[in-house]
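Asks:
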Amino acid sequence: MADTLKISPSICAYPDDKYENLEIEVILPGVDKKDISFKVTEDGFYVRATKEGVEYADSYAVCCPVVPEKAVAKYSNGVLKVTVPYQQPFENAVDVKIE
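29 is the number of the first residue of the sequence shown in this note's numbering; add one for each residue after it.
#1: Within this structure, are the beta carbons of residue 24 and residue 88 separated by less than 9 Å?
#2: Candidates 127, 90, 110 and 126: which alpha carbon is nearest residue 54's?
#3: Indicate whether the contact test is met: 3 or more Cβ pairs, each with one atom in the stretch 65-76 and one in the stretch 92-110, closer than 8 Å.
#4: For residue 80 versus residue 35, is the C-beta spacing smaller than 9 Å?
#5: Out of curiosity, what's the CA-to-CA distance linking residue 47 and residue 108?
#6: Express the C-alpha separation of residue 91 and residue 101 in angstroms, rounding to a whole number.
#7: For residue 63 and residue 50, what's the separation of their Cα atoms in angstroms?
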């Protein structure tokens with residue numbers, strides 16, 4: 029059995045032009061869409077992808093909270109593009125009872 033090379037994929041993450049969404053690009057050359065796993069939480073994301081002899085995997089933190097349930101991903105020509113909206117500043121704010 030051949031050894032599998034384990035490496036971190038090339039990642040580029042940046043806000044869109046209106047600063048409403050986080051755009052994430054993951055470079056995965058030669059990987060089939062069925063062999064990609066991408067998971068996102070409000071404060072980070074994880075990607076794992078495999079092709080013969082290579083496993084790409086890593087996790088990343090994001091600077092501003094996002095809304096994971098609204099993430100949209102597309103894969104084409106070895107590039108996974110994910111768009112996920114930022115949370116509004118007080119979207120998950122909790123009222124604090126003042127005594």
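For each residue, glycine too, the CB sits at the ideal point set by N, CA and C. Keep in mind the model is a prediction, meaning the values are calculated, not measured.
Replies: The structure says:
#1: Nothing about residue 24 can be reported from this structure: the residues present for the chain run from 29 to 127 only.
#2: Counting from 1 along the sequence shown, the entry for residue 54 is found at position 26. Among 127, 90, 110 and 126, the Cα nearest to that of residue 54 is on 110.
#3: yes
#4: Taking the first residue of the sequence shown as 1, we reach residue 80 at position 52. Taking the first residue of the sequence shown as 1, we reach residue 35 at position 7. The answer is no: Cβ separation not under 9 Å.
#5: The count along the sequence shown starts at 1 and reaches residue 47 at position 19. The count along the sequence shown starts at 1 and reaches residue 108 at position 80. Distance between the alpha carbons of residue 47 and residue 108 is about 20 Å.
#6: Indexing the sequence shown from 1 puts residue 101 at position 73. Indexing the sequence shown from 1 puts residue 91 at position 63. Rounded to whole angstroms, residue 101 to residue 91 spans 20 Å at the Cα level.
#7: Taking the sequence shown and counting its residues from 1, the one referred to as residue 63 is at position 35. Taking the sequence shown and counting its residues from 1, the one referred to as residue 50 is at position 22. So the alpha carbons of these two residues sit roughly 23 Å apart.
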